[in-house]
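Contents: one structure, followed by commentary.
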Amino acid sequence: MAGTIVPLEPQGSIRLWETATNTPRISASNILSGRGDPLLRNAIAIVDLSAVGLTQYLPTPTRPARPGVDIHADAIGQMLAARYLVEPTQARTLERLWLVLSGIVFIGLSGVLAQRIMLGALALALLAATPFAFGVLEYSLQGKLYDPLQPALATILVAGFEGYALYRRSEQRRSTLARQFSQFLSPSVVQRLANSDTEAILSGDKREITILLSDIRGFTAM
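Following this line, the structure appears as structure tokens:
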């Protein structure tokens with residue numbers, strides 16, 4: 010351990026990189042009776058109590074309660090391997106960039122997704138899950154820490170506001186149709202127009218028409 014440089018947090022703590030393997034244990038009675046164990050050769054031993062009520066258990070990010078000796082063993086292991094959990098300097102920038110890009114993409118596609126609810130929900134789930142997948146991948150492979158919760162929640166909020174805006178525009182369109190056509194069309198026709206997927210052209214529509222004029226010969230003289 011001599012000469013090992015360990016990056017610490019401002020409060021003097023170390024970010025623990027937990028391992029999935031259990032720490033090997035050797036009973037102290039074997040050592041006191043003179044029976045050695047090959048596992049102790051060229052190894053770092055940590056002395057701890059195993060009696061119930063005496064062992065210190067601490068919560069970790071991945072486990073609700075873990076023996077303190079296992080935490081010390083993991084800390085020593087990552088020091089020897091020089092593998093530390095670090096938060097990249099560009100982490101906050103990437104998180105905010107993803108928030109902006111996902112918001113722009115969702116707002117840009119909101120007109121299409123509004124008519125396809127399942128597709129919109131799938132797009133929202135994909136945009137919200139991407140930060141978590143990226144964070145887990147970076148943590149597992151390189152020990153880098155990113156906060157996926159903030160951009161994911163922000164993306165959901167953007168989608169919620171955009172969905173509410175689409176709903177308000179739809180209600181305003183229904184109200185406008187009801188006011189303009191209720192005096193000229195039956196209520197069922199007005200309701201059908203309000204529920205239609207196509208946007209009604211309220212100011213009129215220019216179309217080419219063919220008109221056939223016919224007259225009875227001599228009608229004017231008659």
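The opening residue of the sequence shown carries number 10 in the numbering used here; numbering runs sequentially from there.
Cβ coordinates follow ideal geometry from the N, Cα and C atoms, glycine included.
Residue i to residue j span [Cα, whole Å]
i	j	result
R177	T185	12 angstroms
Q192	E217	27 angstroms
V198	L135	39 angstroms
I35	L48	9 angstroms
S149	A142	11 angstroms
S111	L89	40 angstroms
L25	L67	12 angstroms
I225	T219	20 angstroms
I4	L131	Given a span of 10 to 231 for the chain in the structure shown, any question on residue 4 remains unanswerable.
G43	A82	24 angstroms
R183	L222	38 angstroms
I80	L106	35 angstroms
A187	K215	22 angstroms
T207	L194	For T207, the predicted model reports a pLDDT of 49, less than 50, meaning its position is unreliable and no value from the coordinates is stated.
E147	I126	32 angstroms
L40	T98	At residue 40 the sequence reads Ile, which differs from the Leu that was named. Spanning the two alpha carbons is a distance of roughly 47 angstroms.
R201	V121	21 angstroms
G21	G117	46 angstroms
T71	A37	29 angstroms
G12	R50	22 angstroms
N31	Q151	22 angstroms
First and last residue of the uninterrupted alpha helix (DSSP H) at residue i
i	result
F193	Where F193 is concerned, there is no enclosing alpha helix (DSSP H), given that its DSSP letter is neither H nor E.
I80	77 to 90
L110	100 to 117
N39	37 to 41
Test item: CB-CB of residue i and residue j under 9 angstroms
i	j	result
A138	A161	yes
E96	T69	no
V78	I55	yes
Y93	P19	no
E104	Q159	yes
E180	S119	no
L128	I165	no
A100	K153	yes
G169	P157	no
I23	A84	yes
D57	P76	yes
Exposure label - residue i; buried when at least 16 CB within 10 Å
i	result
V167	buried
P33	exposed
T102	exposed
F115	buried
Y155	buried
P140	buried
Q65	exposed
A163	buried
L108	buried
D87	Inspection of the sequence shows that residue 87 is occupied by Gln rather than by Asp. That one is buried.
beta-carbon residue i near the ligand NAD non-hydrogen atom, thresh 8 angstroms
i	result
P97	Absence of the ligand NAD from the depicted structure is noted, as is the absence of any ligand whatsoever, leaving it without description.
Test: residue i CB closer than 9 angstroms to a CB of chain C
i	result
L136	Within the model displayed, chain C is absent; a lone protein chain is all it includes.
One or two residues paired with residue i in a DSSP bridge
i	result
K153	V95
L67	R75
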